[in-house]
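Protein chains: 2
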Amino acid sequence: MTSASGLWARTRQRAYAEITAVAMELFLADGFEQTTIDEIAAAAGISRRSFFRYFGTKEDVVLGHLIAEGQALRAALERRPDGEDVWTALRAAIFSLEEADGDEERMLAVSRMLYRTPSLRARSIEKHLRWYDDLVPEVQRRLGGGGDDLLRARAIVGCAITCLDVAGEAWTDGAASRPLAHYFDAALDAVRPAAAG
Amino acid sequence: MTSASGLWARTRQRAYAEITAVAMELFLADGFEQTTIDEIAAAAGISRRSFFRYFGTKEDVVLGHLIAEGQALRAALERRPDGEDVWTALRAAIFSLEEADGDEERMLAVSRMLYRTPSLRARSIEKHLRWYDDLVPEVQRRLGGGGDDLLRARAIVGCAITCLDVAGEAWTDGAASRPLAHYFDAALDAVRPAAAG
DNA sequence: GACTGACTGGCACTGAGTGCCATACCGGCA
DNA sequence: TGCCGGTATGGCACTCAGTGCCAGTCAGTC
Chain A
1149 MTSASGLWAR TRQRAYAEIT AVAMELFLAD GFEQTTIDEI AAAAGISRRS FFRYFGTKED
1209 VVLGHLIAEG QALRAALERR PDGEDVWTAL RAAIFSLEEA DGDEERMLAV SRMLYRTPSL
1269 RARSIEKHLR WYDDLVPEVQ RRLGGGGDDL LRARAIVGCA ITCLDVAGEA WTDGAASRPL
1329 AHYFDAALDA VRPAAAG
Chain B
1149 MTSASGLWAR TRQRAYAEIT AVAMELFLAD GFEQTTIDEI AAAAGISRRS FFRYFGTKED
1209 VVLGHLIAEG QALRAALERR PDGEDVWTAL RAAIFSLEEA DGDEERMLAV SRMLYRTPSL
1269 RARSIEKHLR WYDDLVPEVQ RRLGGGGDDL LRARAIVGCA ITCLDVAGEA WTDGAASRPL
1329 AHYFDAALDA VRPAAAG
């Protein structure tokens, strides 16, 4: 926590951002699987070995933010009022995070890559599984009581994430013609027709 | 379709079964990640190169059956009466396939390995994604009409699979103390409390 | 000027997965 | 009996992801 470590942290942060930017350019230009780590390292002006000091896997360059998002999601969920319906709270938490990054065209390109590259898709879902650990405790708390709370909480979190995933795919297929929330609500309505959003 | 090709098919089938059996023994004894393909090949009496002619990846040894199961699931779903509720039909289709393999202890061990090995878990979910292609058309047909049928069908199939997955985890955690269907129904009830089973 | 701590590069290694080629087996056919 | 085409096989070399190890560099510190 000295000024030195703060400097290092900022430097490291900048390095992360720079490597990510360079790598994403290559991914979008040549395809994810076609781009090797040697190419990324060369383009970023670092050694192959150093790349792996910043990212555990090639997929992490694209999906690294998902870990942090899971924690942010948990925090957002915990901020929702106690009496609120679980589904309403989950929906509100999810869309409190939605970043309007401006460059929609780029987000679409990234999203297409994500849905069409098997290894990325798999890792993405694997990261989503970690969200369970973040969200289930709070959902379980809100369910309050009952022997099979854990199972019920997992099912609810799982289906919410699944709806988000399905919505993301529809958003990508539909070229972002409607906001993600629209697709999410439609997906949730298909699963829970009685409860309106 | 000559007798020769039939013979080959049977031989191949036997080879598949034998390699799978040998590999599973090694996986359960030493762990999935610890077991190399060289070891499997040596134990099965084939070359490393031949292993890859039977299985595309190491994960496929454990998860290969999931592809066939998706198609069987589709067939089972199509056999359900037309007027039946989609969720009821899906549930019935899923549990018409449940094989009581007898050796529950072994199934538990395999299941534990599956849930605890990241690469296996990821691939397993990836295979489950293929089930979408198998099941969504029939679910969509049953929904009959409406502009966002595809999205709705995907959401329903996705949540059904998610509930199955959550149920599988609970079954594994609970050491198979109750049938899988019990956990599945509980999971589905958490998501759709109004509609009973 | 030695010391510590964090980052870096280079090298060698394992292990998954692929492409290529030569070979062996088996049934059919002249 | 000998040739032929299809299929399975083994071996080799290769790419690429990811890891471990060691040596060097560049702060800031006493």
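Sequence order for the protein chains is A and B.
Using this note's numbering, the letters of the first sequence map in sequence onto residues 1149 to 1345.
Using this note's numbering, the letters of the second sequence map in sequence onto residues 1149 to 1345.
Positions of the beta carbon are idealized from the N, C-alpha and C atoms, including for glycine.
Look at the beta carbons and you see the region 1214 to 1226 of chain A touching the region 1280 to 1295 of chain A: at least three pairs across the two are nearer than 8 Å. Not a single C-beta of chain B is nearer than 7 Å to the C-beta of glutamate 1286 of chain A.
Of A/Leu1211, A/Glu1246, A/Cys1311, A/Ala1171, the smallest CA-CA separation from phenylalanine 1199 of chain A is found for A/Ala1171. Unbroken alpha helix (DSSP H) runs of no fewer than 4 residues, entirely contained in the region 1180 to 1249 of chain A, are found at 1185 to 1192, 1196 to 1202, 1206 to 1211, 1213 to 1227, 1234 to 1244, following chain order.
A Cβ-Cβ separation of about 22 Å leaves glutamate 1166 of chain B out of contact with arginine 1271 of chain B under the 8 Å criterion. An exposed status is given to histidine 1213 of chain A, since fewer than 16 other beta-carbon atoms sit within 10 Å of its beta-carbon. In this structure, the alpha-carbon of arginine 1269 of chain A lies about 22 Å from that of serine 1259 of chain B. Shown here for alanine 1308 of chain A: same chain residues with a beta carbon closer than 7 Å to its own, the five before and five after excluded, namely Leu1238 in chain order. Between proline 1266 of chain A and glutamate 1181 of chain B a beta carbon distance of about 20 Å is seen, past the 8 Å cut, so the two are scored as non-contacting. Within a 10 Å sphere around the beta-carbon of leucine 1245 of chain A sit fewer than 16 other beta-carbons, which makes this residue exposed. Ranked by Cα distance from glycine 1294 of chain A, the first of B/Leu1256, B/Gly1295, B/Glu1253, B/Ala1338 is B/Ala1338. At a C-beta separation below 8 Å, valine 1339 of chain B has these neighbours in chain A: Ala1303, Ile1304, Cys1307, Val1339, Arg1340.
Annotation for tryptophan 1319 of chain B: Leu1328, Tyr1331 place their beta carbon closer than 6 Å to its own, counting only its chain and skipping 5 residues before and after. Sequence-distant partners of aspartate 1186 of chain A (beyond 5 residues in either direction) whose C-beta falls short of 7 Å from its own C-beta, in its chain, are Arg1196. For tyrosine 1331 of chain B, the C-beta contacts it makes with chain A under 8 Å involve Leu1299, in order along the chain.
Residue ranges of uninterrupted alpha helix (DSSP H) with 4 or more members are absent from the region 1267 to 1306 of chain B; none lies entirely inside it. Residues of chain B whose Cβ lies closer than 7 Å to the Cβ of aspartate 1296 of chain A are, in chain order, Ala1334. With the criterion set as a beta carbon lying under 8 Å from some beta carbon of chain A, the members of the region 1274 to 1285 of chain B are Glu1274, Leu1277, in sequence order. Its Cα nearest to that of tyrosine 1263 of chain A, the residue A/Leu1211 stands out among A/Leu1211, A/Ala1335, A/Gly1306.
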